[in-house]
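Going by UniProt numbering, the sequence shown opens with residue 1, and the numbers climb by one from there.
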Amino acid sequence: MSQLDPDRDFVALGIAVVTVSDTRDLAGDRSGDTLAERLGAAGHRLAGRAIVKDDVDAIRAAVSGYAADPAVDVVLTTGGTGFTGRDVTPEAVEALFTKRMDGFSAVFHRISYDKIGVSTIQSRATAGLVGTTFVFALPGSPGACRDAWDGILAHQLDYRAKPCNFVEILPRLDEHLRRKGS
Numbered sequence: 001m002s003q004l005d006p007d008r009d010f011v012a013l014g015i016a017v018v019t020v021s022d023t024r025d026l027a028g029d030r031s032g033d034t035l036a037e038r039l040g041a042a043g044h045r046l047a048g049r050a051i052v053k054d055d056v057d058a059i060r061a062a063v064s065g066y067a068a069d070p071a072v073d074v075v076l077t078t079g080g081t082g083f084t085g086r087d088v089t090p091e092a093v094e095a096l097f098t099k100r101m102d103g104f105s106a107v108f109h110r111i112s113y114d115k116i117g118v119s120t121i122q123s124r125a126t127a128g129l130v131g132t133t134f135v136f137a138l139p140g141s142p143g144a145c146r147d148a149w150d151g152i153l154a155h156q157l158d159y160r161a162k163p164c165n166f167v168e169i170l171p172r173l174d175e176h177l178r179r180k181g182s
């Protein structure tokens, strides 16, 4: 686990939550609620919340829209990472990635294995960058969302976390664009 640097102040991020489901609405969205509660308790801002159908175009539109919003630093999707015919979240978001984050899936599966054993192979959780926005595609169960937040995201989205975290590199994500423009 990471340690917190006492000399650094917490930096609140804007985080959007997108639930992918053909059947849920906001009143019954336990996984989205879990993520919204956890990010709020950590001190981050809920920058948006949406429920979209299990449809590649709808998922891409929601994620792209949030990624284009300067108030959104992170998009968390929940749902659609399994193997049924309607589970298309990885296909939708990975096509948008400018950089993949393979380590996220590896660490998520290790954490998940400790909780549910080999059933973890039924998740296609994935993550990457869409421009300068971090996107994490999580399974649709509240337990998996808790595991991802508590075991990975709470640490990597905290500027005080050592030895490194995503917040400290946010200002550098577009440096290749700045270099080309100068």
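By construction, the Cβ of each residue, glycine as well, lies at the ideal position given by its N, Cα and C atoms.
When C-beta atoms of the stretch 42-52 are compared with those of the stretch 98-112, fewer than three pairs fall below 8 Å, so the two segments do not count as touching. A check of alpha carbon separations from Val-63 across Thr-77, Ala-71 and Pro-70 identifies Thr-77 as the nearest. With distances taken between CA atoms, Ser-21 lies nearest to Ser-141 out of Ser-141, Asn-165 and Leu-173. As a beta-bridge residue in DSSP terms, Phe-134 pairs with Val-74 and Leu-129. If only uninterrupted alpha helix (DSSP H) runs of at least 4 residues are considered, those enclosed by the UniProt domain "MoaB/Mog" (16-160) are 30-42, 56-68, 89-94, 102-116 and 142-148. With respect to Val-93, Ala-137 sits close: the two C-beta atoms are nearer than 8 Å. Annotation: Gly-151 to Arg-60 spans about 26 Å, alpha carbon to alpha carbon. Between Val-18 and the set Phe-104, Leu-46 and Pro-163, the nearest pair of CA atoms involves Leu-46. Taking C-alpha positions only, Asp-29 is separated from Cys-164 by approximately 32 Å.
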